[in-house]
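Chain order of the listed sequences is G and E.
Here the first sequence is numbered in the numbering used here, starting from 1 and rising by one per residue.
Here the second sequence is numbered in the numbering used here, starting from 1001 and rising by one per residue.
The structure appears right after this line, and notes come after that.
Protein chains: 2
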Amino acid sequence: MSAVDIIGDRQITRPSGLAEEVYRRIRADIMSLKLPPDTRVSVDSLARELGVSQTPIREALSMLEANGLVSKKHFTGYATAPRMDRAQLDELFEFRLLVEPHAARKAAEAMIEADIGSLGAVSGESASSHDGFADMDTEFHKLIAQGAGNNLIADSLARLHIHVHIFRSCFRSEIAEEAVHEHDAVIAAIRARDGAAAESAMRRHIERSYGRLRDFIND
Amino acid sequence: MSAVDIIGDRQITRPSGLAEEVYRRIRADIMSLKLPPDTRVSVDSLARELGVSQTPIREALSMLEANGLVSKKHFTGYATAPRMDRAQLDELFEFRLLVEPHAARKAAEAMIEADIGSLGAVSGESASSHDGFADMDTEFHKLIAQGAGNNLIADSLARLHIHVHIFRSCFRSEIAEEAVHEHDAVIAAIRARDGAAAESAMRRHIERSYGRLRDFIND
DNA sequence: GGTCCGCCAATCCTATAGGATATTTGATCC
DNA sequence: GGATCAAATATCCTATAGGATTGGCGGACC
């Protein structure tokens, strides 16, 4: 009998290592703004708080650094990345505008029916709270990127979307009713297998989203 | 006086930490095929070989894992990523085809003169050896991505280009005379500040490059 | 009053030791 | 001869202790 066992809901608790678990935890704390941008992160404190040794903390922070969520200064320690400035927001949306409409088109052409079903499941409902909308938005874009059948694109967008999430959370942006409608437009086009319509609907969504977020920053 | 000192060519040797140095070292070994794809990588061995403790090795490997160059299996150890298969190659070039022509267009419109100068410096010369061409190709695409003024794009492409480099090295691909000509066509278009021409020249270059690499794989 | 210098605390960085696990090897049995 | 099982090895994972460095604080000096 292995040390890991079957738990109630028939799910193996595969221990991918403490490092990965710590990674998820810290990333969650960053995304929930429990660790605000530009905040010092002490290895020692985290080790005590989470009740593990320093080594897995260090590994997790190294991975977070490689993903651009924290930065390390030699002999000074780690700190969460500063909030995006105007230039970075521009760069990020230029990138999204380049990739996501293409992904939407491919998804409309190649997505399997089952995944289109799950896509409908993240439409509108549970968009009552701010966090609810954020999670829904994340899931929406992730499903489409995966539906396009390109893991590289999906991973790149997921990595970037984290920063969008943080930026949006910083300003407690009101839940955009428009965004839900824009999502629905994309979903409808994908359901209709209309690649061109999906591409332009996604482009419109991202452009509007860009406009909504850009208002918060003027430096 | 700080511990780090000024060296001959007026450059500070800023010690970014052992972890980063180890990171570069391992990445170089992977790119030079000294660590071939799908090869076990022992933390202990590396520690002894490089004469450092296990901790910086572990941090470096964590960063490499986040960048997709090695993978970790719990209680089994690290291993270099397996060589790209056909599907991954397709995904990678779909991505490049999406991003790089756009970058070339922007570079033609916005690149400053000085950088165009350095661009000409990587044209043709030192393309005699295989490694020489590989480095030149890397530098060529990096300069254009940076010239487009979008760090996100530049970083994403740099990360992907490493895998192209490894794949090409695996097959000891002959130095493609064509590639140099295609590069020159892009450079000429950028020099002429012709965005449309730069975009299509880059698209053509990547498509041809894709065709050249695709021949090596048929599974 | 402003500036510079030395001290102190906090933190990171490194090294080593011990526990746990997967893979491999060898012998035994069918 | 092939398959199965068990022990041994190599490796990773964790924890703790000690050395090195940076940044901040207070006092002295101009």
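For each residue, glycine too, the CB sits at the ideal point set by N, CA and C.
**Request:** Quick one: list the residues of chain G neighbouring V1041 (chain E), beta-carbon separation under 7 Å, in chain order.
**Result:** Per Cβ cutoff of 7 Å: no residues; V1041 (chain E) is ~15 Å from chain G at best.
**Prompt:** Residues of chain E with a CB under 9 Å from the CB of G228 (chain G): which are they?
**Reply:** What the structure shows of chain G is the stretch from 1 to 219, and residue 228 (chain G) is not part of that stretch, so it cannot be assessed.
**Prompt:** If you measure from the beta carbon of R1058 (chain E) to each beta carbon in chain G, is any gap under 9 Å?
**Reply:** Answer yes: the Cβ-Cβ gap between R1058 (chain E) and chain G drops below 9 Å somewhere.
**Prompt:** Can K1106 (chain E) and G1195 (chain E) be called in contact, C-beta distance under 9 Å?
**Reply:** For K1106 (chain E) and G1195 (chain E), yes; Cβs fall inside 9 Å.
**Message:** Under 8 Å, CB to CB, which of the residues in the region 150-179 of chain G have a partner in chain E?
**Reply:** Those residues of the region 150-179 of chain G that come within reach of chain E (Cβ to Cβ, closer than 8 Å) are N150, N151, L152, I153, S156 and L160.
**Neighbour list for V1099 (chain E) in chain G, Cβ cutoff strictly below 7 Å** = Correct list: L98.
**Request:** Kindly say whether S62 (chain G), judged by its beta-carbon, lies nearer than 9 Å to any beta-carbon of chain E.
**Result:** Closer than 9 Å to some Cβ of chain E, the Cβ of S62 (chain G) qualifies, so yes.
**Message:** Suppose you measure from the CA of L98 (chain G) to the CA of G51 (chain G); what does that come to, to the nearest Å?
**Reply:** Taking the straight line joining both Cα atoms gives about 43 Å.
**Request:** Could you give the DSSP three-state label for A79 (chain G): helix, strand or coil?
**Result:** Reduced to three states, the DSSP call for A79 (chain G) is strand.
**Message:** Quick check: the Cα distance between V1164 (chain E) and D1135 (chain E), rounded to an integer number of angstroms?
**Reply:** When rounded, the distance between both Cα atoms is 12 Å.
**DSSP-derived helix/strand/coil call for V52 (chain G)** = V52 (chain G): coil per DSSP, three-state reduction.
**Prompt:** Are any of the Cβ atoms in chain G nearer than 9 Å to that of E1065 (chain E)?
**Reply:** True, the Cβ-Cβ gap to chain G drops below 9 Å.
**Message:** Can you pull out the residues from the region 80-97 of chain G whose beta carbon lies closer than 7 Å to at least one beta carbon of chain E?
**Reply:** Of all residues in the region 80-97 of chain G, those with a C-beta nearer than 7 Å to a C-beta of chain E are E91, L92, E94 and F95, reading in chain order.
**Message:** Counting only C-beta atoms, is T1055 (chain E) closer than 9 Å to chain G at any point?
**Reply:** Chain G, which has a Cβ nearer than 9 Å to the Cβ of T1055 (chain E), makes this yes.
**Request:** Could you check if S1209 (chain E) is buried or exposed, using at least 16 other CB atoms within 10 Å of its CB as the buried criterion?
**Result:** Answer is buried; the Cβ neighbour count reaches 16.
**CA nearest to the CA of R172 (chain G), picked from G:S118, G:R58, G:F133 and G:A108** = The shortest C-alpha separation from R172 (chain G) is found at G:F133.
**Message:** From the DSSP secondary-structure annotation, give me the bridge partner or partners of K1073 (chain E).
**Reply:** In the DSSP output, where bridge partners are listed per residue, K1073 (chain E) has E:G1077.
**Prompt:** Just checking, does the region 146-153 of chain G make contact with the region 107-117 of chain G on the three C-beta pairs under 8 Å criterion?
**Reply:** They touch, by the three-pair rule.
**Message:** I want to see whether chain E comes within less than 9 Å of H141 (chain G), judged by CB atoms only; does it?
**Reply:** It does not; no Cβ of chain E falls within 9 Å.
**Item:** Cut-off 8 Å between Cβ atoms - residues of its own chain near R193 (chain G), not counting five sequence neighbours on either side
**Value:** Hits under 8 Å: A108 and E109.
**Asked** Considering only C-alpha positions, which residue in the set G:F93, G:V186, G:V70 and G:E177 is nearest to G211 (chain G)?
**Response** Closest in C-alpha terms to G211 (chain G), from the list G:F93, G:V186, G:V70 and G:E177, comes G:F93.
**Request:** Would you mind working out which of G:R86, G:N218, G:D215 and G:H183 sits nearest M202 (chain G), comparing C-alpha positions?
**Result:** For the set G:R86, G:N218, G:D215 and G:H183, the Cα lying nearest the Cα of M202 (chain G) is the one of G:H183.
**Message:** Would V1041 (chain E) and T1080 (chain E) qualify as a contact pair, given that the criterion is a beta-carbon distance under 9 Å?
**Reply:** Their beta carbons are under 9 Å apart, which means V1041 (chain E) touches T1080 (chain E) by this criterion.
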